[in-house]
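This report concerns only the one structure given below.
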Amino acid sequence: MNILLHHPEYAKKGILLCSSGYLKKAKLPLVLSSYIPYFHLYVKFHLARSGVKQNLQNVVYDHSMINDEMLYGYLSPFLEDDIFKALTMMIRHREGDLTAEELRKIDAPCLLIWGEHDKVVPVRIGRKLNKDLKNSELVILKETGHLVPEERPEDVHQLINRFMAAEETTEATANGSL
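If you count by UniProt numbering, then the sequence shown holds residues 1 to 178, one letter each, in order.
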């Protein structure tokens, strides 16, 4: 969204899948804590407490889709310390999301795709983004949680293709190609 606001010449459209919105920058004590040596091990411990299966159950609507392949796919990056170092850097350098006022300045078309049962970034955030982004379309997928591409891959693919094709048709008409 920062690119669409500050450098609209680099992107014609935006697509958000259950995107965070309106989050502030991390609080100073947390940012300062991230400089403590081995802080990444605290991040690892914190995430390990709930476990991969519990975390997946929190982000998908249909728990029956959680199989061994999915569990391993989400577990494998966490077997190396690099991901925890990266998460530590994300805590340290997170800029914070754009304000409602900044979002209202974005002219580019935006497609917002949300899971109806998203517990991580609730639909109300999608509705607020849809209100603040003046040229946006919000699609709420029923019986879907936070992992929309995994839960509804065909629908997400179709929605993105339709959204991207819409401008091609508009551009072709404007250029006299159709």
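Beta carbons: idealized from backbone N, C-alpha and C, even for Gly.
The beta strand (DSSP E) that contains residue i, what's its start and end?
i	result
Leu138	Ser136 to Leu141
Gly14	Gly14 to Leu17
Pick helix, strand or coil for residue i, following the three-state DSSP scheme.
i	result
Gly145	coil
Leu23	coil
Ile160	helix
Ala48	helix
Just reading off the alpha helix (DSSP H) that residue i is part of, what are its end residues?
i	result
Leu87	Asp82 to His93
Ile125	Val123 to Asp132
Leu4	Asn2 to His6
Met70	Asp68 to Leu75
State the beta-bridge partners of residue i as determined by DSSP.
i	result
Ile106	Beta-bridge pairing links Ile106 to no other residue.
Leu79	Bridge partners of Leu79: none, in fact.
Gly115	Leu141
Could you tell me which of the options sits nearest to residue i, measuring between CA atoms?
i	options	result
Leu23	Lys85, Ile91, Val59 and Asp82	Ile91
Thr144	Ile113, Asn130 and Lys134	Ile113
His93	Lys142, Leu129 and Tyr35	Tyr35
Lys44	Pro8, Leu87, Val31 and Asp97	Leu87
Lys27	Lys131, Asp81 and Glu95	Glu95
Buried or exposed for residue i, please, with buried defined as at least 16 other CB atoms from any protein chain shown within 10 angstroms of its CB.
i	result
Glu151	buried
Met89	exposed
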